[in-house]
Amino acid sequence: MITTFAIVGGDLRMIKLAKLLAKDKKLVYTYAMEKAQELYPYETIIHCQSLQEIKQNAEVIIAPIPFSSDGSFVNTPFSQKPLKIEELFEVLENKEIFAGAISSEIQERAQKKHIKIIDLMEEEELTILNTIATAEGAIQVAISNTEINLQGSKILILGFGRVAKMVAKKCKQLDANVTCAARKEQDMTWIKTYGYEAMDIRTMGQNLNQYDIIINTVPHIIITKEHMPYIQQDCLLMDLASKPGGFEREQIQKYNFNYVWALALPGKVAPTTTAKFIKDTLYHILKRKKEKQ
161 MITTFAIVGG
171 DLRMIKLAKL
181 LAKDKKLVYT
191 YAMEKAQELY
201 PYETIIHCQS
211 LQEIKQNAEV
221 IIAPIPFSSD
231 GSFVNTPFSQ
241 KPLKIEELFE
251 VLENKEIFAG
261 AISSEIQERA
271 QKKHIKIIDL
281 MEEEELTILN
291 TIATAEGAIQ
301 VAISNTEINL
311 QGSKILILGF
321 GRVAKMVAKK
331 CKQLDANVTC
341 AARKEQDMTW
351 IKTYGYEAMD
361 IRTMGQNLNQ
371 YDIIINTVPH
381 IIITKEHMPY
391 IQQDCLLMDL
401 ASKPGGFERE
411 QIQKYNFNYV
421 WALALPGKVA
431 PTTTAKFIKD
441 TLYHILKRKK
451 EKQ
């Protein structure tokens, strides 16, 4: 039975995860989280001064979700000093690490150090559950950054993957008029089946002028300079996708649009719930690994 865990860096989700593990009577070692004051009252949460302590003591090592924002440093918002990815890999050579949103380039660098990174965000269970907090966070962003009711507003959602489906559902429940834009005929059919308006993402143009909010969920540029003249000046443009996002940033600045790049919403709007999802997913993975042994 695994009793010792380590958490290296991460946002508020990782802080909540450490507390949940401690409540499960696990011994938790942390590193690069020294500014997380709410962890200090826990006797079974040990704040390490070096990565070497993590390597020597922890059976399971957990790193941030997302692991890195720039490909050079580990995400450590609750630490006073930056942690280079290379430094982490150098010390934890030959170890297994659980993290999230790992790029192929970082995976390759880890393999050179004989490190196996298990991407938690590739687990269907966690990915689906995460869409709930993302969708609720998107609604919070929309309310905070507009001067209109969502009820009766016209919302365009770009893409129809997991996140888009949940965002569309939550917006529809608030009586917004929801349109989803996709490319595949199958997606277009499902959009109509769910009761939303459907738009072919390849035919966007003047038809963009009717929307109060445009939400992108696709991780590549969708809205370009050709589209910008058709968008209402007071339209909220919201990006839920990772880099490079779905909007041409230079054009947004040129037109002075109301734009919000709302990344990592689960960690901001529902860190405790999301931490429970992460813990449950982690336990399920560890159980499967044990059953295979």
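Just remember that the working numbering sits 160 ahead of the position in the sequence shown, which is counted from 1. C-beta atoms are modelled at their ideal positions from N, C-alpha and C, and glycine is treated no differently.
For residue i and residue j, what's the separation of their Cα atoms in angstroms?
| i | j | result |
| --- | --- | --- |
| K344 | T433 | 33 Å |
| I351 | I373 | 18 Å |
| L310 | E386 | 27 Å |
| A166 | Y189 | 4 Å |
| E219 | A324 | 37 Å |
| A358 | T349 | 8 Å |
| M398 | G169 | 27 Å |
| T339 | A302 | 16 Å |
| E203 | T291 | 33 Å |
| N337 | A328 | 10 Å |
| I382 | I206 | 46 Å |
| S229 | A422 | 14 Å |
| K186 | P389 | 56 Å |
| N416 | S210 | 46 Å |
| Y419 | L318 | 15 Å |
| Q392 | I278 | 43 Å |
| K241 | L396 | 35 Å |
| I299 | N367 | 23 Å |
| T287 | I445 | 14 Å |
| K414 | C208 | 47 Å |
| G365 | T236 | 41 Å |
| F437 | L289 | 7 Å |
| M326 | I266 | 29 Å |
| K332 | I315 | 9 Å |
| L252 | V429 | 32 Å |
| M193 | I361 | 43 Å |
| A178 | R448 | 22 Å |
| G321 | I214 | 37 Å |
| N217 | R269 | 24 Å |
| D184 | T164 | 11 Å |
| A196 | F249 | 23 Å |
| L400 | L180 | 28 Å |
Would you call residue i buried or exposed, if buried means 16 or more other Cβ atoms sit within 10 Å of its Cβ?
| i | result |
| --- | --- |
| K244 | exposed |
| I162 | exposed |
| Y200 | exposed |
| G312 | exposed |
| I239 | Checking the sequence shown, residue 239 turns out to be Ser, not Ile. Its Cβ being crowded by 16 or more others within 10 Å, S239 is buried. |
| D171 | buried |
| S264 | exposed |
| P426 | buried |
| K330 | buried |
| T294 | buried |
| K176 | buried |
| T363 | exposed |
| K255 | buried |
| T384 | exposed |
| G231 | exposed |
| N376 | buried |
| R409 | exposed |
| G355 | exposed |
Identify the residues that DSSP records as bridge partners of residue i: which are they?
| i | result |
| --- | --- |
| F233 | K244 |
| W421 | D399 |
| A166 | Y189, I221 |
| A259 | D279 |
| F227 | Partner(s): none; F227 has no beta bridge. |
| H207 | T190 |
| N337 | K314 |
| F407 | I383 |
Next on the checklist: Assess contact between the stretch 304-315 and the stretch 438-450, defined as three or more Cβ pairs (one per stretch) separated by less than 8 Å. Is contact present?
Outcome noted: In this structure the stretch 304-315 does not lie against the stretch 438-450, because fewer than three pairs of beta carbons, one per stretch, are closer than 8 Å.
Item to check | Cβ contact (3+ pairs, closer than 8 Å) linking the stretch 270-283 and the stretch 328-348 | outcome: No contact exists between the stretch 270-283 and the stretch 328-348.
Checklist entry - Would you call the stretch 222-229 and the stretch 254-262 touching, i.e. three or more CB-CB distances under 8 Å? => result Touching, per the Cβ criterion.
Item to check | Every unbroken alpha helix (DSSP H) inside the stretch 340-394 [4 residues or more] | outcome: The DSSP assignment places 345-353 as complete runs of the alpha helix (DSSP H) inside the stretch 340-394, in order along the chain (cut-off: 4 residues).
Item to check | Contiguous alpha helix (DSSP H) assignments of at least 4 residues, all confined to the stretch 279-326 | outcome: At a cut-off of 4 residues, the continuous stretches assigned as alpha helix (DSSP H) that sit fully inside the stretch 279-326 are 284-304.
Checklist entry - Counting pairs of Cβ atoms below 8 Å between the stretch 265-277 and the stretch 403-411, do you hit three or more? => result No contact exists between the stretch 265-277 and the stretch 403-411.
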